[in-house]
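Visitor: Here it is: the structure, laid out below.
Protein chains: 4
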Amino acid sequence: MGGLSIKAGIVGGAGYTGGELLRLLLNHPNVEIAFVHSNSQAGKPVYETHKDLLGDTDLYFTDELHQDVDVLFLCVGHGAAKQFLEAAQLPASIKIIDLSQDFRWNESLKEAVVTGCEREFVYGLPELQRESIKQAQHIANPGCFATAIQLALLPLAQQNLLTEEVQVSGITGSTGAGQGLSPTAHYSWREGNISNYKVLSHQHLHEIRRTLQCMQENEVPNINFVPYRGAFTRGILCTSYTRSHLSQAEAEELYGSFYSTHPFVSISKSTPDLKQVVNTNKCLLHLQKQGNYLVVTSMIDNLVKGASGQAVQNMNLLFGLEEQAGLRLKASAF
Amino acid sequence: MGGLSIKAGIVGGAGYTGGELLRLLLNHPNVEIAFVHSNSQAGKPVYETHKDLLGDTDLYFTDELHQDVDVLFLCVGHGAAKQFLEAAQLPASIKIIDLSQDFRWNESLKEAVVTGCEREFVYGLPELQRESIKQAQHIANPGCFATAIQLALLPLAQQNLLTEEVQVSGITGSTGAGQGLSPTAHYSWREGNISNYKVLSHQHLHEIRRTLQCMQENEVPNINFVPYRGAFTRGILCTSYTRSHLSQAEAEELYGSFYSTHPFVSISKSTPDLKQVVNTNKCLLHLQKQGNYLVVTSMIDNLVKGASGQAVQNMNLLFGLEEQAGLRLKASAF
Amino acid sequence: MGGLSIKAGIVGGAGYTGGELLRLLLNHPNVEIAFVHSNSQAGKPVYETHKDLLGDTDLYFTDELHQDVDVLFLCVGHGAAKQFLEAAQLPASIKIIDLSQDFRWNESLKEAVVTGCEREFVYGLPELQRESIKQAQHIANPGCFATAIQLALLPLAQQNLLTEEVQVSGITGSTGAGQGLSPTAHYSWREGNISNYKVLSHQHLHEIRRTLQCMQENEVPNINFVPYRGAFTRGILCTSYTRSHLSQAEAEELYGSFYSTHPFVSISKSTPDLKQVVNTNKCLLHLQKQGNYLVVTSMIDNLVKGASGQAVQNMNLLFGLEEQAGLRLKASAF
Amino acid sequence: MGGLSIKAGIVGGAGYTGGELLRLLLNHPNVEIAFVHSNSQAGKPVYETHKDLLGDTDLYFTDELHQDVDVLFLCVGHGAAKQFLEAAQLPASIKIIDLSQDFRWNESLKEAVVTGCEREFVYGLPELQRESIKQAQHIANPGCFATAIQLALLPLAQQNLLTEEVQVSGITGSTGAGQGLSPTAHYSWREGNISNYKVLSHQHLHEIRRTLQCMQENEVPNINFVPYRGAFTRGILCTSYTRSHLSQAEAEELYGSFYSTHPFVSISKSTPDLKQVVNTNKCLLHLQKQGNYLVVTSMIDNLVKGASGQAVQNMNLLFGLEEQAGLRLKASAF
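Protein sequence lines correspond, in order, to chains A, B, C and D.
According to my numbering, the stretch in the first sequence is residues 1301 to 1634, in order.
According to my numbering, the stretch in the second sequence is residues 1301 to 1634, in order.
According to my numbering, the stretch in the third sequence is residues 1301 to 1634, in order.
According to my numbering, the stretch in the fourth sequence is residues 1301 to 1634, in order.
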């Protein structure tokens, strides 16, 4: 495994998730970056866009697609991934890891697999279906809020314990909205501010419900989700609660057991805070029984475990590498 | 009314709410500050503690109580207000406005009045009971989260429309925790961070439930509240939702009518954000019907409408002044 | 004076300085806002752009100019003020207060007065030339960095004590760059970040040098200025130092005397911080003698004393009102 | 080299630099952490103090010193390192890397070596004296501001080009002040704030001056330094300027050549910003000729290149490892 070198291509390399993927792959022991595709930045050095990479890479963006790669990461916008694949005529042998939502769910399915563009995309949440991912050819990488909420609820769904309405609130950092300039991305507006958006109507709810229903036999109840825009750049913290007969000890036993073989999920006994996971591929969970309710706090870095880090984790699984390869990241902590 | 001058004393003037009260009263057209009491800072200029007041006042903190005042604001900690009144032997003619929680609620009452220290304290939420406040002698000033949540739910309670569980999440700025140094007040920890605390067990729930039950005939349902510590200094934003038969138009009609005579509450048609109210005495509400749920977003400045500004509003009512006197504040907006 | 009502018009009312001016004038006891002009927002309520004004005003933006005003504030961009005046054909009786840099300086002048568009514009720094402003018809309102640096150096210039090079560094909040969307205004970039710009080449140096030369007989020495973009929204803090024979006591005496009649400038004995002046029209100064150097720290709110507040201060002087009318603002402090 | 395993001990492991060192050493391919000493936290898991390490390590703090180590990192406060060494009676064979200022400079020396506690400490700035470090037994790790300023000026000193006064301003994040609770560390104070401190009198000036004088034959001129506390947690950005005869091209040639063999220093052609280096061991430099002045902007992460990362870099050199081992860190970038 030490000698294995995977040739990787990146499409949409000038955006936030593309940049984060570059930061990870440049230090990955088993990856060689074959090319970084960008229509807008073609011909320019990668470090002119991702300025922290100055001194780390001499790569240039290109607008040509090289087919001599083992894996292709699609870091383009929602809708654009499907368009790209339809136009690109790639050989089926190239594994695709798509970070958009284009192949994440499909209303009619009971399995976390979606067919599209003549390919079958396995939903890339390793804590849900690591073995299916290992066997897969193509991956639909999960959404950021969807990752944080699913990891909070998966153990309950596996035991058919989601029986009453679930309430979720969550706060996301600004990088979740990408690098586009918009009024809610303006520093003078967002600094020291907070606002909610898409209350009870966030698009990730489809993805979450589908996943939970794959695990749970009885029907998954209503999930209400209030998302907030927070005054920080990185990370997502969610609080989920539902009525439950589990005691504190039973809940800890259930979650501890479920995640015991998953290296990126940890259960915190003490109240955690978001910066414990920022700039890492970790998900941190905290469990509290309050009256009849089980409260699960979950947190991830939206650009790492919520996007590019999880994409690398999926790549590791696709190619039989150690799951943590290239993902032992120093937390920023402050 | 222009000539009326109220002599005001402040006890606990060195803390955050005391400072905010000073900022307001120094510019109030009908108030003369008789003294500012502080045990810890006695003998020092007020501007050494509240440094923004340099150039605005030559007042010194004192550890003596002058009884020649019309109104006394208690800006001391929870528990300390009761202790102070028990020890101070103040004439009953001095009106008291207590910013602590010591006289806010009493399990057995169905009215928003609490008796203690040989006095009767009217709960000082003007949008709940302005007329009672006008007739009152002493005021228990509401809590900050309690203000934001009550203003979101009062019109429903008045119409007996709180029939199913209410879910609330809210984010507060750091000044809500006062000026004490603590790990969660450390800049290096809190900057760019988010965490929840007292999930489903916040102490303001008693106060909220009592108020709503005063208004609503049928029993007020369970209220679940998830509070968050946000990475900002001022303000509280809450999202409350419950199942409701009201349509969007009916909800807007109900809330618009309820608050039409209340100068500090406005209903925003568009999605609001916290900084619209920061550094003002306003409460902003936003209504959305989503499926079967009515979602109410509410926001205030925790130190103004959530504390010292509301105290001044109550003082205005107690003394027959215009409700907005001294409270037409320039928003900071950014 | 209580009865005096000034009819004011605002041109360019949809930007940051226009909004800040509205916040001030709506609460000014002697002003009636006649109209708010905006090409981009004409026909829309003012509170849709300046959202904190919801509940405070029913004004609409207009694209028509009413000539029945006493004073017109120009809150348009640099260059656009001159263009506007050339096109608008306003009667000379309307007083103009221009917040752009179009009439602030003129290379050839030794006086802080600029002629342009058939008008004479007096440079509106009251601490420099309050009497000239009182007699003036039109005002060129100073720049924000220029205000902070000039107030740090004026007393030295008056005594011909600027004899050796002056070093200045200063940090500005994001609102100084206006509401335009740009990469350095993106929250994900600016949060927790710092960068310098226009090092030793900032355009305000012309304005500063001209003012100081008006006061000082001998030639004003070289002024080096390093501006920084800070991770905050409001305010400017500058540190200026130069070799000086003044002792600490002599410096304090000089500055105290110079500013004794100027209500918005205070000298702090202790080390100050920016938030002492945020959301006020104050300038705070701090003096330190270090070896052979006199160090002057100065700070203002860039949108208030650095723009719209100073414009109101100038209006007060133009119309014989009390200098502080409408400018006794509650600091945000946090 | 792949097989080499260095046994490392950490003294003062509960503070910020101790935590940062742990984050680095846990992922270092050639290090085994023998023990983490802390008087205050002895007996508790390391992850209770450094909460981001939950899931990464099962280490406990200890109050015992194990002597079976190859290297000992001292992460205790200024003064405490000397006290520790005097009391500890360590064998001379254990290499010491001291992060305090206790052995950084000595007024009388012309060499960057200090003798104390019966040991000789080589000043650990690899870009100054990499070969001496490789031969050293003990290291005095440089200060954070000192690192940023020295790296900005070293190439000039080497060429005897520091002939006129140098002006420096710099802004530091809050972690530079450690984890102690203090008024200037309070979130409600520091958020959105800026202030200067120790103007023209910062203690790192001794260290800087000594280093530059080691390199330059003629006397190093006066260096004026204005430090600021910034509203961010990590990083230092400094702007230094001095009169220089070098052209832009000559300066770039000089700096490019000087740093060509130093893997952590890069020269940016475009204006850089602090977040390009946050959470990395890099120093980024930018050169601008403005009139007669050469302006050098330099930036580092104060906890990494300014403290624990540089300590690891020094350890790598002491033990003949690759200089970048364990220091290829993913930037946080946002």
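Even glycine gets a Cβ: it sits at the ideal position worked out from N, Cα and C.
In whole angstroms, give me the CA-to-CA distance for A1392 of chain D and S1566 of chain A.
Guide: The alpha-carbon atoms of A1392 of chain D and S1566 of chain A are separated by roughly 41 angstroms.
Visitor: Whole angstroms are fine: how far does the CA of L1481 of chain D sit from the CA of H1645 of chain B?
Guide: Missing from the structure shown is residue 1645 of chain B; chain B here goes from 1301 to 1634 and no further.
Visitor: Taking 8 angstroms as the CB-CB cut-off, is V1612 of chain B touching chain C?
Guide: Answer no: the Cβ-Cβ gap between V1612 of chain B and chain C never drops below 8 angstroms.
Visitor: Roughly how many whole angstroms lie between the Cα atoms of L1359 of chain B and A1607 of chain C?
Guide: Near 30 angstroms, if we compare the C-alpha coordinates of A1607 of chain C and L1359 of chain B.
Visitor: Look at the alpha carbon of E1553 of chain B and the alpha carbon of E1622 of chain B, and state the distance between them as a whole number of angstroms.
Guide: One C-alpha to the other measures close to 26 angstroms.
Visitor: Taking beta-carbon pairs under 8 angstroms, can you tell me which members of the segment 1507 to 1540 of chain C lie near chain D?
Guide: Listed by position, the residues of the segment 1507 to 1540 of chain C near chain D (Cβ gap below 8 angstroms) are N1524, V1526, Y1528, G1530, A1531, F1532, T1533, R1534, G1535, L1537 and T1539.
Visitor: What residue range is occupied by the uninterrupted alpha helix (DSSP H) comprising H1504 of chain C?
Guide: H1504 of chain C -> alpha helix (DSSP H) spans H1504 to M1515.
Visitor: Across which residues does DSSP place K1307 of chain D in a beta bridge pair?
Guide: BP columns for K1307 of chain D point to D:E1332.
Visitor: Between the C-alpha atoms of M1301 of chain C and L1617 of chain C, what's the straight-line distance to the nearest angstrom?
Guide: Residue confidence is low: M1301 of chain C scores 44 on pLDDT, short of 50, so the model does not pin down where it sits. No coordinate-derived value is stated.
Visitor: Buried or exposed: where does P1455 of chain C fall if 16 or more other Cβ atoms within 10 Å of its Cβ makes it buried?
Guide: Flag for P1455 of chain C reads buried.
Visitor: Measure the Cβ-Cβ separation of R1404 of chain C and E1517 of chain C and say whether it is below 8 angstroms.
Guide: The answer is no: Cβ separation not under 8 angstroms.
Visitor: What span of residues does the beta strand (DSSP E) with Q1624 of chain D cover, start to end?
Guide: Q1624 of chain D -> no beta strand (DSSP E), and no H or E assigned at all.
Visitor: Name the two residues that bound the continuous alpha helix (DSSP H) containing F1445 of chain C.
Guide: Per DSSP, F1445 of chain C belongs to the alpha helix (DSSP H) from C1444 to Q1458.
Visitor: Answer with yes or no whether the minimum CB distance from Q1450 of chain B to chain D is below 8 angstroms.
Guide: False, the Cβ-Cβ gap to chain D never drops below 8 angstroms.
Visitor: List, in chain order, every chain B residue whose beta-carbon is nearer than 9 angstroms to that of T1580 of chain A.
Guide: Residues of chain B passing the Cβ test: none, with the nearest at roughly 15 angstroms.
Visitor: In whole angstroms, what separates the C-alpha of F1558 of chain D from that of F1373 of chain D?
Guide: Their backbone Cα atoms lie some 29 angstroms apart in a straight line.
Visitor: Can you tell me the Cα-Cα spacing of G1535 of chain A and L1500 of chain C, whole angstroms?
Guide: Roughly 38 angstroms separates the two Cα atoms.
Visitor: In three-state terms, what does DSSP make of D1352 of chain C?
Guide: Helix.
Visitor: Is it buried or exposed, Q1401 of chain A, if we count other Cβ atoms within 10 angstroms and call 16 or more buried?
Guide: By the 10 Å Cβ count, Q1401 of chain A comes out buried.
Visitor: Identify each residue in the segment 1350 to 1382 of chain D for which the Cβ-Cβ distance to at least one residue of chain C is less than 9 angstroms, and report them in chain order.
Guide: Going along the segment 1350 to 1382 of chain D in chain order, one finds no residue with a Cβ nearer than 9 angstroms to chain C.
Visitor: Between the alpha carbons of A1611 of chain A and N1327 of chain A, how many angstroms are there, rounded?
Guide: Rounded to the nearest angstrom, the two C-alpha atoms are 15 angstroms apart.
Visitor: Decide if N1441 of chain D is buried, meaning its Cβ has at least 16 other Cβ atoms within 10 Å, or exposed.
Guide: With 16 or more Cβ atoms within 10 Å of its Cβ, N1441 of chain D is classed as buried.
Visitor: Roughly how far, in whole angstroms, is the beta-carbon of S1598 of chain B from the beta-carbon of C1538 of chain B, given that I think they are within contact range, below 8 angstroms?
Guide: With 8 angstroms as the limit, S1598 of chain B and C1538 of chain B qualify as a contact, their Cβ atoms being about 5 angstroms apart.
Visitor: Would you mind reading off the limits of the alpha helix (DSSP H) that contains Y1316 of chain A?
Guide: Start and end: Y1316 to L1325.
Visitor: Output needed for K1382 of chain A: all residues of its chain with C-beta closer than 7 angstroms, excluding positions within five of it in sequence on either side, in chain order.
Guide: Hits under 7 angstroms: D1402, G1416 and C1417.
Visitor: Are the C-beta of L1453 of chain A and some C-beta of chain D separated by less than 8 angstroms?
Guide: Cβ-Cβ to chain D under 8 angstroms: no for L1453 of chain A.
Visitor: What number of angstroms, rounded off, separates the C-alpha of Y1541 of chain B from the C-alpha of Q1467 of chain B?
Guide: Taking the straight line from one Cα to the other gives about 5 angstroms.
Visitor: Straight-line CA distance for A1477 of chain B to K1582 of chain B?
Guide: Spanning the two alpha carbons is a distance of roughly 21 angstroms.
Visitor: Entirely within the segment 1557 to 1586 of chain C and at least 3 residues each: give me those beta strand (DSSP E) ranges in chain order.
Guide: As far as the segment 1557 to 1586 of chain C is concerned, its whole beta strand (DSSP E) runs of at least 3 residues are 1565 to 1567.
Visitor: Rounded to a whole number of angstroms, what is the C-alpha to C-alpha distance between N1493 of chain B and S1474 of chain A?
Guide: Approximately 13 angstroms between the Cα atoms of the pair.
Visitor: What is the rounded straight-line gap between the Cα of R1419 of chain C and the Cα of R1490 of chain A?
Guide: Looking at the two C-alpha atoms, the distance is approximately 41 angstroms.
Visitor: Against chain D, which members of the segment 1564 to 1575 of chain C pass a CB distance test of less than 9 angstroms?
Guide: The residues in question are T1571, P1572, D1573, L1574 and K1575.
Visitor: Would you say E1491 of chain C lies against chain A (beta-carbon separation less than 8 angstroms)?
Guide: It does: the Cβ of E1491 of chain C has a partner Cβ on chain A nearer than 8 angstroms.
Visitor: First and last residue of the alpha helix (DSSP H) that includes F1384 of chain A?
Guide: From DSSP, the alpha helix (DSSP H) with F1384 of chain A extends over A1380 to A1388.
Visitor: Can you grab the Cα-Cα spacing for the pair Q1503 of chain B / D1398 of chain D, in whole Å?
Guide: Going from the Cα of Q1503 of chain B to the Cα of D1398 of chain D covers about 48 angstroms.
Visitor: How far does the alpha helix (DSSP H) with R1404 of chain D in it extend, from its first residue to its last?
Guide: It is not in any alpha helix (DSSP H) - R1404 of chain D carries neither H nor E in the DSSP assignment.
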